[in-house]
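Read through the structure below, which is laid out as structure tokens, and then see the notes.
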Ligand SMILES: [Fe+2]
Ligand SMILES: [Fe+2]
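Numbering (the numbering used here), first residue to last: -18 to 164.
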């Protein structure tokens, strides 16, 4: 079901945001980070989320607004998908610049990384804590069928799924390495 897929993707994002926080802490204590992995991570949160995650949520939010009326929080989330996307791409550009040896003061980079992390985390938490429980309460079986019919993209996650996409290879290795460290 759509809501389960969205929830699963949030689980992936939470894991990536934890990895991002780890990198932020390394940078704050002036230790080196792998910017290649960082670029893949931000790329995933920007490009992949834009392709398969936000569009699914937008279907739910549109449907809700059409059938259940105005809801300020849902209105805000739709708008936030646009601003999150802009912020993510701006930060991705900054990471690319570092990889191309552009001189970016460390404190400025840390500030942007922190802002990116906070914005992603806040958005996800509002969805999980406030909005999805409300949708689940309101939506009928017919509603879920109607939204399901609007999404037909075949999905295999490029980092956490069975086939790792070439552009996320380093990130997938890092994620699986973290799993081993934790077990
Ligand atoms: Fe969202
Ligand atoms: Fe989300």
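For glycine and all other residues, C-beta sits at the position ideal for the given N, C-alpha and C.
In the DSSP assignment, residue -9 falls within the alpha helix (DSSP H) that extends over -17 to 9. Beyond the five residues adjoining it in sequence on each side, residue 151 comes within less than 7 angstroms, by CB distance, of 17, 18 and 21 in the same chain, given in chain order. Judged by their CB atoms, residue 40 and residue 128 are nearer to each other than the 7 angstroms cut-off. Comparing C-alpha distances from residue 48 to each of 154, 121 and 140 shows the shortest one belongs to 121. Rounded to whole angstroms, the separation of the alpha carbons of residue 59 and residue 88 is 31 angstroms. Taking the CA atoms as reference points, residue 156 sits about 10 angstroms from residue -7. Residue environment: residue 108 is assigned as buried (16 or more neighbouring CB atoms within 10 Å of its CB, all protein chains considered). Under the criterion of beta carbons closer than 8 angstroms, residue 97 and residue 68 qualify as touching, at roughly 6 angstroms.
Using a cutoff of 6 angstroms, the CB of residue 118 does not count as near ligand 2, since none of the ligand's heavy atoms is closer than that. Taking C-beta atoms as the reference points, residue 91 and residue 0 fail to come closer than 7 angstroms.
The residue from 131, 132, 153 and 124 with its alpha-carbon nearest to that of residue 138 is 153. Spanning the alpha carbons of residue 125 and residue 52 requires a straight line of approximately 19 angstroms.
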